[in-house]
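Q:
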Amino acid sequence: MRVLPLILAALVPLGPALATEDTCEAGTGLVPAEATLPRAAAALGERHSLDIVVLGTGSSALPGPAGDRAAYPARLQAALGQLLPGIALKVVPDIKARQTAAEMMEQEWQRIAEQRPALVIWQSGTVDAIKGVDPDEFRATLNQGVEMLQAQGVDVVLMNMQYSPRTDAMISIDAYADNMRWVALQHDVPLFDRFALMKHWTETGTFDLYDAGKNTDTAERVHDCIGRLLAGLIAAAVKQAPAAETR
Amino acid sequence: MVVLRTTPEPISETAPARAATAAPAGRDLRLDLFRGIALWLIFLDHIPSNIVSWITIRNYGFSDAAEMFVFISGYTAAFVYGRAMRERGFLVAGARILKRAWQVYVAHVFLFVVYLAEIAYVSKNFESSLYAEEWNIFDFLKQPDVTLFQALLLKFKPANMDVLPLYIVLLLGFPAALWLLLRRPTLALAASAALYCLARTFEWNIPAYPSGEWVFNPLAWQFLFVIGAWLGVGGTERIAGLIRSRVVAALAVAYLVFAFAIVMTWYFPRYGYLVPRWLGDIIYPIDKANLDVMRLVHFLALAVLTVRFVPPGWPALDWPIFRPAILCGQHSLEIFCLGVFLAFAGHFVRVELSGGALLQLLISLTGIGAMILVAWLLSWYQALEGRGPGARRSPNADLAGGAV
Chain R
17 MRVLPLILAA LVPLGPALAT EDTCEAGTGL VPAEATLPRA AAALGERHSL
67 DIVVLGTGSS ALPGPAGDRA AYPARLQAAL GQLLPGIALK VVPDIKARQT
117 AAEMMEQEWQ RIAEQRPALV IWQSGTVDAI KGVDPDEFRA TLNQGVEMLQ
167 AQGVDVVLMN MQYSPRTDAM ISIDAYADNM RWVALQHDVP LFDRFALMKH
217 WTETGTFDLY DAGKNTDTAE RVHDCIGRLL AGLIAAAVKQ APAAETR
Chain W
18 MVVLRTTPEP ISETAPARAA TAAPAGRDLR LDLFRGIALW LIFLDHIPSN
68 IVSWITIRNY GFSDAAEMFV FISGYTAAFV YGRAMRERGF LVAGARILKR
118 AWQVYVAHVF LFVVYLAEIA YVSKNFESSL YAEEWNIFDF LKQPDVTLFQ
168 ALLLKFKPAN MDVLPLYIVL LLGFPAALWL LLRRPTLALA ASAALYCLAR
218 TFEWNIPAYP SGEWVFNPLA WQFLFVIGAW LGVGGTERIA GLIRSRVVAA
268 LAVAYLVFAF AIVMTWYFPR YGYLVPRWLG DIIYPIDKAN LDVMRLVHFL
318 ALAVLTVRFV PPGWPALDWP IFRPAILCGQ HSLEIFCLGV FLAFAGHFVR
368 VELSGGALLQ LLISLTGIGA MILVAWLLSW YQALEGRGPG ARRSPNADLA
418 GGAV
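In order, the protein sequences belong to chains R and W. Take the first sequence: its letters are residues 17 to 263, numbered as in my numbering. Take the second sequence: its letters are residues 18 to 421, numbered as in my numbering.
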């Protein structure tokens with residue numbers, strides 16, 4: 017994980033990247049470009065609609081009165097609306113703070129099955145890492161959850177934990193991050209690698225996450241970038257999907 | 018930062034002392050060299066998001082410095098305590114091993130206190146709209162009655178503090194393992210392999226607090242320790258042909274290349290599709306807790322090639338450039354603890370100064386410099402107290418060594 021920023025820094029042509037105003041661009045190389053979301057693409061093709069549920073914990077929300085509008089689910093809706101014009105788009109955050117993946121599955125699955133969204137963005141990992149849930153159980157929960165959703169015709173994007181420089185050495189997240197990656201690989205599910213992105217932003221100086229504590233502005237810009245990059249991933253994936261099927 | 022007095026136990030023994038007392042079975046400086054390097058790598062890996070840690074081996078294959086450390090510790094422990102057991106019997110050698118386990122326990126508790134101090138400090142300055150979720154790690158500070166007891170029982174182990182508890186459990190089981198290794202080495206190795214397989218198959222592990230299990234499962238990792246020990250009591254001669262074999266070397270190279278390619282697809286997700294699904298189904302997940310076979314084989318491949326290119330008595334081992342690593346490897350418990358402590362301190366500095374790559378480089382170099390300096394001081398103390406080259410251990414040395 018640590019060799020990445022160096023190599024990326026060498027690969028990214030610096031001139032144009034610095035010229036654009038879009039700071040989020042600094043992370044596009046870390047977002048899977050060839051992802052496919054066939055079920056969401058089918059829903060889009062048949063109904064011209066895209067219902068997305070963001071299933072997450074505390075790090076999928078921001079506090080305060082403006083938090084709902086500034087957090088990445090709302091930013092995703094705004095950015096995706098621009099990328100896919102003329103579509104009935106709905107992003108519903110389903111945020112339950114301090115829930116492990118297993119607790120989330122137990123409590124929210126029924127509701128998701130009734131809502132029948134086209135896509136679920138499943139953000140998880142931090143709570144399990146803090147509580148020290150057995151990584152094998154964590155993986156089993158993710159596997160089960162992804163399989164259940166796919167069986168119901170719902171696509172999944174997995175999102176891993178935040179990079180938090182101040183507490184980095186204090187939470188052992190490696191095992192959980194690895195397991196999320198493997199579940200994503202095994203089920204052909206895109207992994208939105210929030211950890212690598214935020215780490216990259218810290219190392220390249222895009223955002224000062226050491227100081228993000230007191231600075232709500234930084235927090236909002238980080239969420240905005242996450243929402244926009246996520247929108248880019250989803251838009252590319254639903255456009256690619258039909259082509260992938262005919263191949 | 019010297020927690021423990023240096024005693025002439027395996028981990029801190031000076032090479033000249035061994036070389037002088039027993040010429041045929043002289044201490045293998047390669048062990049000290051690679052253990053010293055492993056200690057540096059562990060230190061670099063423990064500093065969060067350290068740009069320098071991209072050089073560490075875990076970025077290029079499945080295994081990491083933990084495997085090096087456990088394997089070499091097994092080899093050295095068998096080498097030193099094996100002779101003690103032959104010369105002075107099971108009781109004396111067993112008692113020494115248990116004393117060593119106690120020292121490691123005390124070192125672990127010391128590090129835990131350092132960790133508590135750091136986390137308590139960080140929790141006071143941690144208000145964040147972005148990291149409300151991460152704040153929950155400070156929960157355990159609210160109930161010290163439970164947490165401290167669980168820590169003393171080795172069930173509550175904060176991040177990066179899992180190696181010493183593993184080592185303690187390995188040492189507790191080592192008197193019996195060594196007894197068998199000296200009589201029926203192959204049987205001992207087979208028993209260890211069987212326990213490894215059983216623990217992996219039936220998911221035996223030690224429970225942890227607040228939930229889950231040990232990050233380094235001793236029942237699985239003991240296999241690598243015993244492999245090292247088996248080689249340390251004479252196994253190297255048995256497999257000398259295997260090590261020299263070109264076929265084995267070619268297989269090892271092929272496996273390392275394979276591991277490198279797989280690991281690269283983790284860093285460049287867009288090439289992930291190059292790993293065929295059936296292959297992914299076989300190799301994933303790579304389970305560090307239970308010493309995954311992929312990791313074990315990766316380490317053994319590295320070891321075979323290392324031994325091939327760095328033969329015993331390699332002249333370069335005397336070069337001054339290797340001296341610092343060898344010094345660190347000869348005081349591995351102290352230097353390991355110092356490394357963990359310095360990693361905490363380095364994190365502290367980074368949080369306060371929020372500097373860039375240059376600061377990280379500075380922290381890394383300063384840390385390794387401090388490790389070398391302390392290792393050199395420890396050797397100097399040893400020589401000062403007449404336990405250096407050629408001196409035989411006095412009865413008082415053991416007594417003094419037990420005091421903390």
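Every residue, glycine too, gets a C-beta built ideally from N, C-alpha and C. Quantities reported herein were computed from a predicted structural model and do not represent experimental measurements.
Given arginine 55(R), which residues of its chain have a CB within under 8 Å of its CB, disregarding the five upstream and five downstream residues?
A: As a first step, residue 55(R) must be located in the first sequence, where it is residue number 39. Ala134, Leu135, Gln166, Gly169, Val170, Asp171.
Q: Go through the region 179-206 of chain W residue by residue and report every complete run of the alpha helix (DSSP H) that reaches 4 residues or more, in order.
A: 180-200
Q: Quick one: is tryptophan 198(R) near chain W, going by C-beta distance under 8 Å?
A: For the purposes of this step, residue 198(R) is taken as residue 182 along the first sequence, with counting starting at 1. Closer than 8 Å: yes.
Q: Hey, out of Trp221(W), Ala207(W), Arg103(W), Phe277(W), whose CA is closest to tryptophan 247(W)'s CA?
A: As a position in the second sequence, residue 247(W) is number 230, starting the count at 1. The shortest Cα separation from tryptophan 247(W) among Trp221(W), Ala207(W), Arg103(W), Phe277(W) belongs to Ala207(W).
Q: Can you list, in chain order, the residues of the region 208-219 of chain R whose Cβ is nearer than 8 Å to any Cβ on chain C?
A: The structure shown contains no chain C; the protein chains it does contain are R and W.
Q: Quick one: residues in its chain with C-beta nearer than 6 Å to the C-beta of tyrosine 132(W), no 5 flanking neighbours on either side, listed in chain order?
A: Walking along the second sequence from the start, residue 132(W) turns up at place 115. Non-local beta-carbon contacts of tyrosine 132(W) in its own chain, meaning distances under 6 Å to residues more than five positions away in sequence, involve Pro175 in chain order.
Q: What are the boundary residues of the beta strand (DSSP E) that isoleucine 154(W) is part of?
A: In the second sequence, the residue the question calls residue 154(W) occupies position 137. Looking at the DSSP string, isoleucine 154(W) is not in any beta strand (DSSP E), and its letter there is neither H nor E.
Q: Just confirm the distance between the C-beta atoms of alanine 267(R) and leucine 96(R), as a whole number of angstroms; I'd bet it's less than 8 Å.
A: No information on residue 267(R) is available, as it lies outside the stretch 17 to 263 that chain R covers here.
Q: Note down the Cα distance separating alanine 267(W) from glycine 252(W), rounded to an integer number of angstroms.
A: The sequence position of residue 267(W) within the second sequence is 250, counting from 1. The sequence position of residue 252(W) within the second sequence is 235, counting from 1. Roughly 22 Å between the two C-alpha positions.
Q: In the DSSP assignment, find the alpha helix (DSSP H) that holds aspartate 194(R) and state where it starts and stops.
A: Along the first sequence, read from residue 1 onward, the residue named residue 194(R) stands at position 178. Per DSSP, aspartate 194(R) belongs to the alpha helix (DSSP H) from 190-202.
Q: Roughly how many angstroms separate the alpha carbons of proline 109(R) and methionine 121(R), rounded to a whole number?
A: Looking up residue 109(R) in the first sequence gives position 93. Looking up residue 121(R) in the first sequence gives position 105. When rounded, the distance between both Cα atoms is 15 Å.
Q: Could you pull out every residue in the same chain whose Cβ sits closer than 6 Å to the Cβ of leucine 225(R), ignoring the five residues on either side in sequence?
A: As a first step, residue 225(R) is located in the first sequence; it is residue number 209 there, counting from the start. Sequence-distant Cβ neighbours of leucine 225(R) in its own chain, meaning closer than 6 Å and more than five residues away, are Pro181, Thr218.
Q: I need the boundaries of the alpha helix (DSSP H) containing aspartate 84(R), first residue and last residue.
A: Along the first sequence, read from residue 1 onward, the residue named residue 84(R) stands at position 68. That run of the alpha helix (DSSP H) goes 83-86.
Q: Express the C-alpha separation of tyrosine 272(W) and arginine 261(W) in angstroms, rounding to a whole number.
A: As a first step, residue 261(W) is located in the second sequence; it is residue number 244 there, counting from the start. As a first step, residue 272(W) is located in the second sequence; it is residue number 255 there, counting from the start. If I take the Cα positions, the gap works out to 17 Å.
Q: For my contact list, isoleucine 154(W) and threonine 183(R) are in at a C-beta cut-off of 8 Å; report their separation, rounded to the angstrom.
A: Locating residue 154(W) in the second sequence gives position 137, counting from the first residue. Locating residue 183(R) in the first sequence gives position 167, counting from the first residue. Yes, isoleucine 154(W) and threonine 183(R) are in contact; Cβ-Cβ is about 6 Å, under 8 Å.
Q: Classify glutamine 139(R) as helix, strand or coil using the three-state DSSP reduction.
A: Counted from its first residue, the first sequence places residue 139(R) at position 123. Strand at glutamine 139(R).
Q: From the beta carbon of proline 81(R), is the nearest beta carbon of chain W less than 8 Å away?
A: Working through the first sequence from its first residue, we reach residue 81(R) at position 65. For proline 81(R), no CB of chain W lies under 8 Å from its own CB, so it is not counted at the interface with that chain.
Q: Assuming contact is defined by CB atoms lying nearer than 8 Å, are isoleucine 136(W) and alanine 342(W) in contact in what I supplied?
A: Position 119 of the second sequence, counting from 1, holds the residue named residue 136(W). Position 325 of the second sequence, counting from 1, holds the residue named residue 342(W). In this structure, alanine 342(W) does not lie closer than 8 Å to isoleucine 136(W) by Cβ.
Q: In angstroms with no decimal places, state the Cα-to-Cα distance between glycine 31(R) and leucine 236(W).
A: In the first sequence, residue 31(R) corresponds to position 15, counting from 1. In the second sequence, residue 236(W) corresponds to position 219, counting from 1. Because the pLDDT at glycine 31(R) is just 36, under 50, the model does not fix this residue reliably, and the value given afterwards should be weighed accordingly. Looking at the two C-alpha atoms, the distance is approximately 53 Å.
Q: Mind checking the region 362-388 of chain W against chain R and listing, in chain order, the residues whose C-beta falls within less than 8 Å of any C-beta there?
A: His364, Arg367, Val368, Ser371, Gly373, Ala374
Q: How is the alpha helix (DSSP H) around aspartate 227(R) delimited, first residue to last?
A: Here the question's residue 227(R) lines up with position 211 in the first sequence. No alpha helix (DSSP H) contains aspartate 227(R), which DSSP labels as neither H nor E.
Q: Is the region 60-76 of chain W touching the region 160-167 of chain W in the sense that three or more CB pairs, one from each, lie closer than 8 Å?
A: no
Q: Roughly how many angstroms separate the alpha carbons of leucine 296(W) and lysine 147(R), rounded to a whole number?
A: Within the second sequence, numbered from 1, the residue matching residue 296(W) stands at position 279. Within the first sequence, numbered from 1, the residue matching residue 147(R) stands at position 131. Rounded to whole angstroms, leucine 296(W) to lysine 147(R) spans 32 Å at the Cα level.
Q: Using the C-alpha atoms, what's the distance from asparagine 222(W) back to phenylalanine 172(W)?
A: Locating residue 172(W) in the second sequence gives position 155, where the first residue counts as 1. Locating residue 222(W) in the second sequence gives position 205, where the first residue counts as 1. One detail in the question is off: residue 172(W) reads as lysine in this sequence, not phenylalanine. Their Cα atoms are separated by approximately 12 Å.
Q: Got a sec, what are the start and stop residues for the alpha helix (DSSP H) methionine 120(R) sits in?
A: In the first sequence, the residue the question calls residue 120(R) occupies position 104. Start and end: 117-131.
Q: The alpha helix (DSSP H) spanning isoleucine 352(W) covers which residue range?
A: By 1-based counting over the second sequence, the position of residue 352(W) is 335. 349-370 is the extent of the alpha helix (DSSP H) around isoleucine 352(W).
Q: Out of Trp138(R), Gly80(R), Ala82(R), which one is the CA nearest neighbour of valine 107(R)?
A: Taking the first sequence and counting its residues from 1, one reaches residue 107(R) at position 91. Taking only the C-alpha atoms, the option nearest valine 107(R) is Trp138(R).
Q: List the DSSP bridge partners of phenylalanine 208(R).
A: Looking up residue 208(R) in the first sequence gives position 192. Answer by DSSP bridge pairing, in chain order: Met175(R).
Q: Does the Cβ of glutamine 377(W) have 16 or more other Cβ atoms within 10 Å, making it buried, or fewer, making it exposed?
A: For the purposes of this step, residue 377(W) is identified with residue 360 of the second sequence, where counting begins at 1. Glutamine 377(W) should be labelled buried.
Q: Rank Val126(W), Gly106(W), Leu204(W), Tyr184(W) by C-alpha distance to the C-alpha of isoleucine 170(W) and give the top, closest one.
A: Start at 1 with the first residue of the second sequence, and residue 170(W) comes out as number 153. Residue 170(W) is actually leucine in this sequence, not isoleucine. Ranked by Cα distance from leucine 170(W), the first of Val126(W), Gly106(W), Leu204(W), Tyr184(W) is Val126(W).
Q: Could you tell me which of Leu53(R), Thr222(R), Cys40(R) sits nearest to lysine 255(R), measuring between CA atoms?
A: Reading the first sequence from its first residue, position 239 is the one you call residue 255(R). For lysine 255(R), the nearest C-alpha among the options comes from Leu53(R).
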